[in-house]
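Residues in the sequence shown are numbered from 154 upward in steps of one, following our numbering.
For glycine and all other residues, C-beta sits at the position ideal for the given N, C-alpha and C.
Note sheet for the following structure.
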Amino acid sequence: MQEALVLAWLAPYLATAAIIALNRASWRVKSLVSITAIFASAIASAVGLLEVARGHEVRVAFQWVKTLGVNIGVLFDGLSSLMAVVVSWLSFLIAVYSHEYMRGEGGETRYWLFFTFFVGSMMLLVLSDNLLAMFIGWEGTGLASYALIGHWFTDEEERWVGDPGRRALGVPMWFEPSHSGLRALVFTRLGDVGMIFGVATLHTLLGTTLLATIAEGAWATSLLARGVLPVFLWLLFLGAIAKSAQFPFHEWLVTAMTGPTSVSALIHAATMVKAGVYFLLRFAPVLVVAHTLLSASGAPQAIPSFLEGLALLGALTAFMMATMALVSRELKLILAYSTASQLGYMFMGVAVGTLALGSVGGLVAGFAHLMSHAVFKATLFLAAGAVIHAVHSRFIDDMGGLASSMKLTALAFLLATLSLSGIPPFAGFWTKDEIIHLSAEAGLLAPTVLAVVTAGLTATYSARAFARVFSGKRHELHAHEPGLAMLAPYLTLGFLSLALGLAWPLVGHSLEALLEHTLGAVESHQLLKASPLVGATEATLVLALLGFSATLYLYAFRGWSPYVRVKGSELLYSVYSFLYDRWLINSLYYRFIVAGAKQVSSLTSRLVDTGIVDRFYHRLLPTLFARLSGIASRLVEASYDSLLHVRLVGLFKGLWSSFRKMQTGRAPHYLIYFWLGASVVLLLLAAGWFKW
């Protein structure tokens, strides 16, 4: 029975192969194959979660690489079973949505192939019991995301992200799907270099990549003795930082909006960007065990210092992306900024939860917000896809007044927006409040202040987006609700976001009970003793309520448009442009890193390709071989002439001269020759060399 749980990741992979074989089948057949396989994966995940809830950790392993001792299979513990359920069921709903959304868009085989492969890779990543198999799933999601983000690789302008014609520091601020897919691949691969180094280091030290062995923490003291522990930790988690779009790797996530909206929901809500958070959650108990060992070795600050840095990084990313969302004019871009911002909260949650409460505290704080965000952000993206499809524009300036013609979509969007804004009693309120509370308990001033301010900004840009899309003057007179296959998934998720919030005391307790069964989790204890900060959670609630209500009132009921006032002030417009152009970070990347790489490439081309390679292969080498060929030709011709025209002729002349001397014309000589020949023949016959 337990072996069948391998279908959690195997079923989508098998469906991927089936879709390739069904290349000539209709789009309906391919989508049904994908949806069925993902549903089977979701059922297997639910069964695995039930087993863990009964207190049974499920581990199924099949030998894969015998020489390396690597197995492949599934590990259902508290963390992986919860994550698998979130990933598979949300992927199933998004697949159902895609059945209608992608109809007639072209490239159906390619879309469903990579969509299904993506889900299989994510499930393999989540359920692996060793880092090598996890890394294979990790890279699989990266490959599939490249193809899905660049799905519309013909680069029509309506598929772009950004304002055509706008430049910042001379750098274009619009991006085509083919360019965006490549950006995602490059940014995440940069982080993966560090991750590969970390995994290889662990295998070198321990001789295995099994999570159970790594959870014992012996590697930490060994690396501390070598003086490389801090560097190792940042390199190991660099892949997670890049995958989850934390500063300075956040840029790939922004331009990933060129893909279909269903892809945006898949990548931003439940799967790829959550992979980095999951990797961090998987190592939270490991870091607690390592801290215990390091404290005994006289280095009690090694792990807490790393976690403090991680919390600050998450808070900084959350704040930066929230400021960008305040001024964005594209609906999907607002949601993309919001995603990176909320991922910052998750990183912060894992770090401060581990510092304040130990491994289980870090798991609960990080995963709770991951789960609530997955639900409300999937709702927002899927509803946004319906809106963009209805008005045929990605800009909120072209929307407005849609609540009258898309009532159910507006309701789902509002429920998710309230959760994102942290308004009680929605799920987002409980999970975000817990993170800020734990940060204050750990005494981390800078992360706490940034998180509190970001909470107010989040409520503000969320209310602005809702008001600009669904209230005010109606621009599109023919907008209407989508079909049931598109409407049902995000309407269900919208109400689920509300239900999770209403039942949060029970949900939170259940999460804690399940996460206690995570591999390596130990009894909770505080890693960092500090004076707690007072008033952080109260300030968060006040800012969220004030930001949401004031913004909704100004935009929805007063028709407020601050852009005219901003443009009239040079200072305000400079700040606006700075935020709109994403803090100029993208432009600086292109002006210095990309341009610098091009200059190095050009210099290398001139010095190496042209100066060395071309000169060697196209000048020196041909000249050398030409001369060697001439020498060889002359030697061969001379030898050939000597052999054929001198030596061979001389040989035949000598033989002919000898034969001529034998031809004397005298009978006695011929009788002697005959007698000698006959004697030789008789001797050979006598010796048995010939038989008659």
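In three-state DSSP terms, what is Asn176?
coil
Out of Gly511, Ser198 and Gly462, which one is the CA nearest neighbour of Leu277?
Ser198
Tell me Gln216's beta-bridge partners as DSSP assigns them.
Asn224
Between Met639 and Ser714, what straight-line distance do the alpha-carbon atoms span, to the nearest angstrom?
32 angstroms
Can you check whether the CB of Ala641 is closer than 9 angstroms to the CB of Tyr708?
no
Cβ neighbours of Ile247 in the same chain (closer than 6 angstroms, five flanking residues each side left out):
Excluding its 5 nearest sequence neighbours in each direction, Ile247 has C-beta neighbours in its own chain below 6 angstroms: Ser415, Ala418 and Leu419, listed in chain order.
Beta-bridge pairing of Leu246 - partner residues as DSSP gives them
In DSSP, Leu246 forms no bridge with anything.
By DSSP, does Pro685 sit in helix, in strand, or in coil?
coil
Check the C-beta distance from Leu486 over to Val540 and give it rounded, since I have them as a contact under 8 angstroms.
Their Cβ separation, rounded to whole angstroms, is 14 angstroms, which puts Leu486 and Val540 out of contact at 8 angstroms.
Based on Cα-Cα distance, which residue from Val314, Ala612 and Val346 lies nearest to His332?
Val314
Pull up the distance between the alpha-carbon of Val695 and that of Ser727, whole angstroms please.
A straight line joining the alpha-carbon of Val695 with that of Ser727 spans about 29 angstroms.
Which two residues bound the contiguous alpha helix (DSSP H) that contains Phe328?
Looking at the DSSP string, Phe328 is not in any alpha helix (DSSP H); the run it does join, the beta strand (DSSP E), is Val324 to Phe328.
Nearest residue (CA-CA) to Arg368, options Phe402, Asp282 and Gly625:
The sequence given here has Ala at residue 368, not Arg. The candidate whose alpha carbon is nearest that of Ala368 is Asp282.
On the three-state DSSP scale, how would you describe Phe548?
strand
Reference Phe648, options Ala692, Leu837, Leu533 and Gly515, closest by Cα
For the set Ala692, Leu837, Leu533 and Gly515, the Cα lying nearest the Cα of Phe648 is the one of Leu533.
For Ala674, which of helix, strand or coil comes out of DSSP?
The answer is coil: DSSP assigns Ala674 none of H, G, I, E or B.
Alpha carbon to alpha carbon, how far is His356 from Val480? Give it in angstroms, no decimals.
46 angstroms
DSSP on Val622, reduced to helix/strand/coil?
helix
I need the straight-line Cα distance from Ala656 to Asp308, nearest angstrom please.
One C-alpha to the other measures close to 45 angstroms.
Which listed residue (Ala697, His252 and Val799) has its alpha carbon closest to that of Trp180
The shortest Cα separation from Trp180 among Ala697, His252 and Val799 belongs to His252.
Residue range of the beta strand (DSSP E) that includes Val480:
Boundaries around Val480 are those of the alpha helix (DSSP H), Ala455 to Val480, since no beta strand (DSSP E) includes it.
For Gly412, which residues in the same chain have their Cβ closer than 6 angstroms to its Cβ, ignoring the five residues on either side in sequence?
For Gly412, same chain residues with a beta-carbon under 6 angstroms away, outside a window of 5 residues either side, are Leu301, Ile302 and His304 in chain order.
Segment limits, beta strand (DSSP E) that includes Asn315:
Just to set this straight, residue 315 is Gly in the shown sequence, not Asn. Its beta strand (DSSP E) spans residues Val314 to Ala321.
Could you tell me which of Pro775, Ala428 and Val802 sits nearest to Met236, measuring between CA atoms?
Ala428
Report yes if the C-beta distance between Leu266 and Thr169 is below 9 angstroms; otherwise report no.
Their beta carbons are under 9 angstroms apart, which means Leu266 touches Thr169 by this criterion.
Is Pro165 buried or exposed, if buried means 16 or more other CB atoms sit within 10 Å of its CB?
Here Pro165 is buried: its Cβ has 16 or more other Cβ atoms, across all protein chains shown, within 10 Å.
Under three-state DSSP, which class holds Glu483?
strand
Excluding sequence positions up to five away, which residues of its chain have a Cβ less than 7 angstroms from the Cβ of Ala493?
Ala398, His403, Leu406, Thr470 and Met474
Measure from the alpha carbon of Glu311 to the alpha carbon of each residue in Ser546, Ser187 and Phe436, then state which is nearest.
Ser546
What would DSSP say about Leu680, mapped onto helix, strand or coil?
coil
Integer Cβ distance of Val213 from Leu158, believed to fall under 8 angstroms
6 angstroms
Please work out which residues of its chain come closer than 8 angstroms, Cβ to Cβ, to Pro457, disregarding the five sequence neighbours upstream and downstream, and give them in chain order.
Here the set comprises His444, Leu508, Leu680 and Leu681.
Which partner residues of Asn283 appear in the DSSP bridge assignment?
Leu363
Among Leu389, Asp345, Met326 and Met410, which residue has its Cα nearest to the Cα of Thr354?
Leu389
Simplified DSSP assignment, three categories, for Phe229
strand
For Val381, name the three-state secondary structure that DSSP assigns.
Reduced to three states, the DSSP call for Val381 is coil.
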